[in-house]
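**Student:**
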Amino acid sequence: EPEVTQTPSHQVTQMGQEVILRCVPISNHLYFYWYRQILGQKVEFLVSFYNNEISEKSEIFDDQFSVERPDGSNFTLKIRSTKLEDSAMYFCASFRQGLGEQYFGPGTRLTVT
Amino acid sequence: GDSVTQMEGPVTLSEEAFLTINCTYTATGYPSLFWYVQYPGEGLQLLLKATKADDKGSNKGFEATYRKETTSFHLEKGSVQVSDSAVYFCALRWDTGTASKLTFGTGTRLQVTL
Numbered sequence: 008e009p010e011v012t013q014t015p016s017h018q019v020t021q022m023g024q025e026v027i028l029r030c031v032p033i034s035n036h037l038y039f040y041w042y043r044q045i046l047g048q049k050v051e052f053l054v055s056f057y058n059n060e061i062s063e064k065s066e067i068f069d070d071q072f073s074v075e076r077p078d079g080s081n082f083t084l085k086i087r088s089t090k091l092e093d094s095a096m097y098f099c100a101s102f103r104q105g106l107g108e109q110y111f112g113p114g115t116r117l118t119v120t
Numbered sequence: 027g028d029s030v031t032q033m034e035g036p037v038t039l040s041e042e043a044f045l046t047i048n049c050t051y052t053a054t055g056y057p058s059l060f061w062y063v064q065y066p067g068e069g070l071q072l073l074l075k076a077t078k079a080d081d082k083g084s085n086k087g088f089e090a091t092y093r094k095e096t097t098s099f100h101l102e103k104g105s106v107q108v109s110d111s112a113v114y115f116c117a118l119r120w121d122t123g124t125a126s127k128l129t130f131g132t133g134t135r136l137q138v139t140l
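If you're matching them up, the sequences are chains A and B in order.
Residue 8 is where the first sequence starts when you use the numbering used here, and the numbers rise one by one after that.
Residue 27 is where the second sequence starts when you use the numbering used here, and the numbers rise one by one after that.
1) If Asp28/B and Thr52/B are in contact, beta carbons under 8 Å, what's the gap, nearest whole angstrom?
2) Beta-carbon within less than 6 Å of Met96/A's beta-carbon, same chain only, minus the 5 sequence neighbours each way: which residues are those?
3) Can you say whether Asp93/A is buried or exposed, counting buried as having 16 or more other CB atoms within 10 angstroms of its CB?
4) When the Cα of Leu136/B is compared with those of Pro66/B, Ser58/B and Phe60/B, which residue comes out closest?
5) Using only alpha-carbon positions, find the residue among Ser84/B, Gly55/B and Val138/B that is nearest to Leu101/B.
6) Counting contacts by CB-CB distance shorter than 8 Å, is Glu63/A in contact with chain B?
7) For Glu68/B, go through chain A and note every residue whose CB falls closer than 8 Å to its CB, in chain order.
8) Could you tell me whether any Cβ in chain A is nearer than 8 Å to the Cβ of Thr128/B?
9) What would DSSP say about Val108/B, mapped onto helix, strand or coil?
10) My guess is that Gly131/B and Thr31/B are in contact by the Cβ rule of under 8 Å, so how many angstroms apart are they, rounded?
11) Consider the Cβ of Ser55/A: report whether some Cβ of chain B lies at a distance smaller than 8 Å.
12) Rounded to whole angstroms, what is the Cα-Cα separation between Ser73/A and Lys85/A?
13) Rounded to whole angstroms, how far is the Cβ of Ser58/B from the Cβ of Lys75/B, which I believe are closer than 8 Å?
14) Does the beta-carbon of Ile185/B have 16 or more other beta-carbons within 10 angstroms, so that it is buried, or is it exposed?
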């Protein structure tokens, strides 16, 4: 069965550093998403992406965040200058209309120290 | 705004026990409702869904009924197995567009013991 993959599984970074989280969505999917879950809190929507542009973003997704589909297979989330409060599990998801619901990756645990 | 509230975990049950995980939502109108499951080391997987009031979603012995009068979508299973140990997430989605986001609850960890 096709699956969404994410790398790395765990990233530790220092406050103020840039991080890039990578996702490989299912190959024939057209819609892409990032969600995050701070430990003990809700899974929160960050951003959706379609046709090489952002479809919707939440209040969390400020100027420190950006997304990109650099090569037609990867989908990345960049945090320019990480804060302690960015520590969370980040989930990528992809979707194609008519082929079921959103498929999720296993997540990347980001720890900012 | 929209929100989903789940019972706090962990829920610990013996094998073959009956499971209920409560989920209620706050929304104006009638969104689609979902249960996702996350097994250790894996991504969120869709378990079941219901798209309108009184619909019952079911899969792998799990069931949930969309109750608009109580704004609830409680997950039930008659006899749990050790392999059901996972984190369960309730979620809602408005079907207003193809890229519609999911709004999740905090998740409930289920641990089933022999």
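For every residue, glycine included, the Cβ atom is placed at its ideal position computed from N, Cα and C.
For clarity, every value in this text was computed on a predicted model and none was experimentally measured.
**Tutor:** Taking the definition as stated:
1) The beta carbons of Asp28/B and Thr52/B sit about 6 Å from each other, so the pair counts as a contact at 8 Å.
2) Only Gln44, Gly114 and Arg116 meet the Cβ criterion.
3) Taking every protein chain shown into account, the CB of Asp93/A has 16 or more other CB atoms within 10 angstroms, so this residue is buried.
4) Ranking Pro66/B, Ser58/B and Phe60/B by Cα distance to Leu136/B puts Pro66/B first.
5) Nearest C-alpha to Leu101/B: Ser84/B.
6) Among the CB atoms of chain B, one or more fall inside 8 Å of the CB of Glu63/A.
7) Listed along chain A are Pro113, each with a C-beta nearer than 8 Å to that of Glu68/B.
8) The sequence given here has Leu at residue 128/B, not Thr. So yes, Leu128/B belongs to the interface.
9) Taken through DSSP and simplified to helix, strand or coil, Val108/B comes out as helix.
10) In this structure, Gly131/B and Thr31/B form a Cβ contact; the two beta carbons are roughly 6 Å apart against a cut-off of 8 Å.
11) With respect to chain B, the C-beta atom of Ser55/A has a partner C-beta closer than 8 Å.
12) In this structure, the straight-line span from the alpha carbon of Ser73/A to that of Lys85/A is close to 5 Å.
13) About 6 Å separates the two Cβ atoms, so the contact holds.
14) The structure shown does not extend to residue 185/B, since chain B is modelled only from 27 to 140, so the question has no answer here.
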